Structures are given as structure tokens and as C-alpha cells.
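Quick note on the numbering used here: the sequence shown kicks off at 17 and runs consecutively. Data block below; observations after.
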Amino acid sequence: MSDFQQHDEIRDLLVRAPAPHLHYDLDATLSTGRRVRRRRRLAMGGGAAVVLAAGAIGFAAVGPLPDRSVLPGASDVSTAGDRVTSRVLSSRYAVELDRAAKPGQDDVTLFRVDDNWKNVRLSATRSTPDGVSLVRAAGSDTVMIGTAPARAASLMVVTDGVVELPYLDKVPLPGTDQQAIGVEFRDAATADAYRDVVWTDGSGAFNAKGQPLTSAWLPASESTLLLYPDQRLMADLRPNGGQVEKYAPGSTPWLGLDLDSRATRLQFLSAAFALPNTGRAATDVTVTWNTGATTPATVVGRPGAEWTFVHTTRERSQSVVDGEIHPTAVEWTDASGTRHTEAVKRNVP
17 MSDFQQHDEI
27 RDLLVRAPAP
37 HLHYDLDATL
47 STGRRVRRRR
57 RLAMGGGAAV
67 VLAAGAIGFA
77 AVGPLPDRSV
87 LPGASDVSTA
97 GDRVTSRVLS
107 SRYAVELDRA
117 AKPGQDDVTL
127 FRVDDNWKNV
137 RLSATRSTPD
147 GVSLVRAAGS
157 DTVMIGTAPA
167 RAASLMVVTD
177 GVVELPYLDK
187 VPLPGTDQQA
197 IGVEFRDAAT
207 ADAYRDVVWT
217 DGSGAFNAKG
227 QPLTSAWLPA
237 SESTLLLYPD
247 QRLMADLRPN
257 GGQVEKYAPG
267 STPWLGLDLD
277 SRATRLQFLS
287 AAFALPNTGR
297 AATDVTVTWN
307 TGATTPATVV
317 GRPGAEWTFV
327 HTTRERSQSV
337 VDGEIHPTAV
347 EWTDASGTRH
357 TEAVKRNVP
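What follows is the structure in C-alpha cells.
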């Protein structure tokens with residue numbers, strides 16, 4: 017049989033084959049997308065921290081890389097005497113730290129990198145040993161560059177009421193107690209909404225000034241839970257990723273963690289909560305889900321003066337069920353035996 021005859025037979029078989037019944041629920045997909053947008057996924061790789069605003073269960077980088085990324089440029093890290101320089105944001109900017117600077121002097125010089133791979137000086141600033149020093153790059157409405165403690169394993173940019181969060185890049189400054197960081201916002205309005213940088217180092221979470229935030233170590237995911245009440249944010253940060261979510265007004269702070277990957281809607285398998293116990297010991301903690309099920313929760317870390325973190329996990333059903341699955345309330349008992357109920361609300365569009 018000739019090749020042409022084989023092709024004809026294959027074509028006839030394909031034409032005669034019954035078409036499979038395909039169904040695509042567009043409304044369900046859009047609904048899931050709108051809800052998932054509320055989850056702020058953080059992913060890190062190659063020394064960079066990426067804060068994805070329109071977070072999703074999975075993500076991929078899109079769009080062309082800058083032209084300079086395919087050119088044979090200089091190393092991102094260089095040393096000249098007491099000066100250590102690292103380039104950030106696809107080597108478009110550079111941060112130089114002078115280890116010989118005297119106390120009280122500016123020890124950080126900020127540069128942009130021109131098309132000839134030369135560092136062009138923008139401004140000078142001062143590093144903060146236990147905090148983040150971040151300033152707007154001269155000539156740019158969307159870029160901020162500076163330094164953070166070298167021990168900062170994860171960083172998260174906080175903006176005021178803006179849906180989308182920026183891209184954050186970090187590169188070591190070898191031989192120093194600092195690292196270079198660069199932040200690129202989607203547009204000038206988002207950059208203007210910048211408020212803070214949260215960072216963790218294994219001992220807890222801190223703001224840009226180095227002040228401790230309400231946080232606790234979560235052994236289940238080897239990550240740091242933290243609370244940022246000013247912006248109604250609760251986050252789960254780790255060196256290789258994490259997530260952050262803005263909880264709804266009137267809700268106790270909470271964060272959905274693991275998801276059932278089989279479902280087409282948001283179905284949480286675990287969640288963390290911050291109880292407003294104001295120093296009172298929380299015992300017998302129970303979480304109620306919208307399915308009517310209840311699960312016990314355990315206290316994470318030490319109870320704080322104002323908040324205590326708790327964590328719960330539910331068993332995954334053997335078969336996939338329809339709709340969302342999320343917590344609706346948390347109950348706990350204080351030392352006097354008084355039972356408290358905290359509302360848990362979904363932050364939906």
C-alpha cells in the first residue's frame with residue numbers, strides 16, 4: 017500500500033469518527049477566576065521574589081524579555097576594593113554598597129545600567145542594618161531600588177488598596193550584611209500606592225523599619241504566618257514561595273492554604289486564622305466549613321498580646337464535589353470558660 021493510500025484511509029477514519037461530547041462551563045471558569053484573583057501568590061526562583069497580583073493555582077511568565085537579557089553582559093555581582101555592586105531587575109539597575117563608609121554617611125549608591133552596560137549614577141542613600149531601604153529610581157515612575165538585610169529569606173511589598181502587586185528582585189551583596197533589591201510596579205499609580213516591605217528571617221516577620229509584626233512559624237508548611245492588619249492582609253511566606261490574601265471586612269483574619277487540585281472551584285483543604293484573643297489563651301478551637309463539617313484547629317506559635325494563630329486541616333473527599341469549600345466560622349474557649357465565635361468571610365468581588 018502506498019503512502020498516499022494510507023493517508024487517505026487515515027483521513028476517512030478521522031472524518032467518520034464520531035465527535036466527542038465536549039462541555040465547557042464558561043460561567044464556572046470566570047467565577048473561579050474572580051475568586052482566585054483574591055489570592056496573592058508569591059513565587060521565588062533564581063534569587064528573585066515575584067509577587068503575582070492576579071494570583072492563580074498555576075502561573076506562567078508571559079511577554080518578551082528585555083533585549084539586554086539575550087546580550088552577553090557583565091556579571092550581576094562585582095567587587096572593587098570596599099565597594100560591592102549587584103545588578104537587579106534584569107540588570108537594568110545596580111546597587112553599590114561601600115563597606116568602608118563611616119557611620120552616618122550614605123553607604124549605598126544607586127545606578128541605572130545604560131545600553132553599553134555602564135553604570136550611570138542616580139542617587140545615594142543609606143542602608144539599614146535591620147530594615148529595608150527602598151527609594152524611587154530617578155527617572156522612573158515605576159521602579160524602586162535599594163537594600164534589605166542579607167538574612168531576609170522572603171520579602172513582600174505592601175501597597176495601599178491596589179489590586180496588583182509588583183515584581184520584586186533580590187541579589188546578594190557578597191561580604192556584607194545586605195542584599196540588593198529592585199521592585200518594578202505595573203504603573204505609576206501602583207508605585208504611588210507603595211507603603212511597606214515585609215520580610216522574614218526565620219525568627220519572625222518585620223516591616224521595612226525592622227519593627228516586628230505579628231507572626232508565627234507554621235511547621236506544616238515550614239513557613240511564616242504573618243498579619244498586617246492596617247491593610248487587612250494575612251500571608252504565608254517561605255524562601256521558595258508563599259501567598260498573601262486580603263481578608264474581608266468584618267471577618268477574623270484568615271488565609272486559605274492548600275487547595276484540592278481536582279476541583280474547578282476554590283476548595284480549601286487547610287486554612288490558618290488569627291484569633292483576636294488579646295492575650296487570653298485559646299483552647300478547644302473548632303472551625304466550621306460551609307459544608308457543615310467541623311474540624312479541630314491547633315494553636316501555632318505562642319499566643320500574642322493581641323492575636324493568636326491557629327491552623328486546621330480537613331480530609332479531602334474521595335470524589336470531587338461541586339461548588340466552593342471554605343471556612344465560615346472559628347470557635348474557641350478562653351481561660352474563664354467563655355466560648356467565642358469569630359466570623360470568617362470570603363473576600364469576593
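All C-beta atoms in this analysis are idealised placements derived from N, C-alpha and C, irrespective of residue type, glycine included. If you're wondering where the values come from, they're calculated on a predicted model, not measured in any experiment.
- Selection ARG281, VAL199, ALA309, PRO188 evaluated against ASP212 yields VAL199 as nearest (Cα-Cα).
- In the same chain as ASP276, and ignoring 5 residues on each side of it, the C-beta atoms closer than 7 Å to its own belong to GLN283, LEU285, ARG332, in chain order.
- Classified as buried, TRP305 has 16 or more neighbouring CB atoms from the shown chains inside 10 Å of its CB.
- Between the alpha carbons of ALA264 and ARG128 lies a distance of about 40 Å.
- Residue range 109-114 is occupied by the beta strand (DSSP E) that includes ASP114.
- In the pairwise beta carbon analysis, the region 337-344 is classified as not touching the region 315-326: fewer than three pairs are separated by under 8 Å.
- For the 8 Å CB-CB criterion, LEU253 and SER239 form a contact.
- The beta-bridge partner set that DSSP reports for LEU150 consists of GLY162.
- The alpha carbon of TYR210 has as its nearest neighbour, out of LEU105, ASP300, LEU150, THR349, the alpha carbon of LEU150.
- Going by DSSP, THR357 is part of the beta strand (DSSP E) stretching over 355-359.
- Around the beta carbon of PRO190, fewer than 16 other beta carbons lie within 10 angstroms, which makes this residue exposed.
- Only residues of its own chain outside the window of five on either side were considered, and among them VAL93, SER94, GLU112, LEU113, ARG115, LEU189, PRO190, GLY191, THR192 have a CB closer than 8 Å to the CB of VAL100, listed in chain order.
- Taking C-beta atoms as the reference points, ASN132 and LYS262 fail to come closer than 8 Å.
- Exclusion of the five residues before and after TRP233 leaves THR240, GLY317 as the residues of its chain whose Cβ lies within less than 7 Å of its Cβ.
- Exclusion of the five residues before and after ALA204 leaves ASP157, THR158 as the residues of its chain whose Cβ lies within less than 8 Å of its Cβ.
- A buried status is given to VAL187, since no fewer than 16 other beta-carbon atoms sit within 10 Å of its beta-carbon.
- Inclusion of GLY162 and THR141 in the CB contact set at 8 Å is warranted, their separation being smaller than that value.
- DSSP places ASP208 in the uninterrupted alpha helix (DSSP H) bounded by 204-208.
- DSSP, reduced to helix, strand and coil, places PRO292 outside both helices and strands of the structure shown, so it counts as coil.
- Annotation: ARG248 is outside any beta strand (DSSP E) and is labelled neither H nor E by DSSP.
- Between LEU291 and ASP217, the alpha-carbon positions lie close to 24 Å from each other.
- In summary, ALA96 is exposed, with fewer than 16 beta-carbon neighbours lying within 10 Å of its beta-carbon over all protein chains present.
- Listed in chain order, the non-local C-beta contacts of SER267 below 7 Å within the same chain comprise ALA359, VAL360, LYS361, local neighbours out to five positions each way being set aside.
- A straight line joining the alpha-carbon of VAL173 with that of VAL214 spans about 6 Å.
- Using a 10 angstroms sphere on the CB of ALA279, the tally of other CB atoms reaches 16 or more, which defines it as buried.
- Secondary structure at PHE201: coil, using DSSP grouped into helix, strand and coil.
- Out of ALA168, VAL148, GLN247, the CA that lies nearest to the CA of ALA224 is found in VAL148.
- Secondary-structure assignment with DSSP links ASN135 through a beta bridge to VAL129.
- In its chain, beyond the 5 residues on either side, VAL301, THR302, VAL303, THR328 have a beta carbon closer than 8 Å to the beta carbon of PRO312.
- ASN293 is the residue among TRP348, ASN293, GLU347, PRO343 whose C-alpha sits nearest the C-alpha of ALA321.
- Excluding its 5 nearest sequence neighbours in each direction, ALA117 has C-beta neighbours in its own chain below 6 Å: ASP123, listed in chain order.
- Residue environment for GLN259: buried (at least 16 other C-beta atoms within 10 angstroms of its C-beta).
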